[in-house]
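Below: one structure, written as structure tokens.
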Amino acid sequence: MFLEWNFIEDGEDFSVVYFAKHLREILASSKEWHMDGTFKTVLRQPRLQQLFTIMAIYNDQAIPIVFCLMTARTATLYEKIFCHLMENIPNLQQPRNIVSDYEAAIKAAVWRAFPLARQVGCWFHFAQMITTILVMEFSILQKYLTLPYQLRNGQI
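Position 117 of the sequence shown, counted from 1, bears residue number 591 in this note's numbering, the numbering being contiguous throughout.
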């Protein structure tokens with residue numbers, strides 16, 4: 475079979491975890507993982523919340539290897555996914571670096587499952603967070619838009 479998959483439960487919440495068997499070794503030997511969830515691409519029935527992807531860095535490229543359809547974004551469910559990988563991927567080494575967004579549940583689960591890994595927030599989500607703070611908290615966008623056109627475009 476090309477894909478390996480499993481159903482992981484946490485009370486009423488669950489995740490379907492799947493990955494291509496021939497890519498297991500890349501994940502097992504990778505020292506750096508990138509993780510991200512997307513919400514717009516999942517069906518709402520059944521009650522899915524996100525598609526969570528784990529990518530391994532291999533030859534300076536991010537290779538998506540593990541895909542998880544999740545009904546919740548809890549630290550417990552993320553941790554069960556990580557434990558499932560450790561139990562089912564031969565020779566899986568703890569990654570040295572894990573890059574993800576700033577979601578508290580992911581950070582907590584990574585800390586428990588991979589205590590030696592260095593967690594780093596990704597640049598995109600950092601910039602998105604700063605932009606949100608500037609716009610929401612300080613009304614920077616509104617102030618910028620009230621500047622004369624020439625000043626905004628460096629013509630003065």
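Beta carbons: idealized from backbone N, C-alpha and C, even for Gly.
ask   = Shortest alpha-carbon distance to residue 539 belongs to which of 568, 507, 547?
value = Nearest option by C-alpha distance: 507.
ask   = Run through DSSP, which three-state label would residue 504 get?
value = Looking at residue 504 - three-state DSSP - the assignment turns out to be coil, as it is neither helix nor strand.
query = Between which two residues does the beta strand (DSSP E) carrying residue 592 extend?
reply = Residues 592 to 595.
query = Would you call the stretch 498 to 514 and the stretch 564 to 578 in contact, with 3 or more CB pairs under 8 Å?
reply = Contact between the stretch 498 to 514 and the stretch 564 to 578 is present, because at least three Cβ pairs lie under 8 Å.
request  = Tell me, please, which residues DSSP counts as bridged to residue 499.
outcome  = Bridge partners of residue 499 according to DSSP: none are assigned.
query = Just curious, the beta strand (DSSP E) that residue 527 is in, first and last residue?
reply = Its beta strand (DSSP E) spans residues 524 to 532.
message = DSSP three-state label for residue 580, please.
response = Helix at residue 580.
inquiry  = Please report the distance separating the alpha-carbon of residue 479 from that of residue 490.
reply    = Roughly 7 Å separates the two Cα atoms.
request  = Please report the residue range of the alpha helix (DSSP H) in which residue 562 lies.
outcome  = Looking at the DSSP string, the run of the alpha helix (DSSP H) that includes residue 562 is 549 to 562.
query = Tell me the DSSP bridge mates of residue 631?
reply = It is not possible to answer for residue 631, since the shown part of the chain is limited to 475 through 630.
query = Should the stretch 508 to 527 be called in touch with the stretch 562 to 569, which here means at least 3 C-beta pairs below 8 Å?
reply = The stretch 508 to 527 makes no contact with the stretch 562 to 569; the number of CB pairs closer than 8 Å stays below 3.
inquiry  = Between residue 636 and residue 501, how many whole angstroms is the CB-CB distance? I'm expecting something under 8 Å.
reply    = Residue numbering for the chain in the displayed model covers 475 to 630; residue 636 lies beyond these limits and cannot be assessed.
key: Chain-order list of residues whose beta-carbon lies under 8 Å from that of residue 521 (same chain, five-residue window excluded)   = Excluding five sequence positions before and after residue 521, the CB atoms of its chain that fall closer than 8 Å to its own CB belong to 545, given in chain order.
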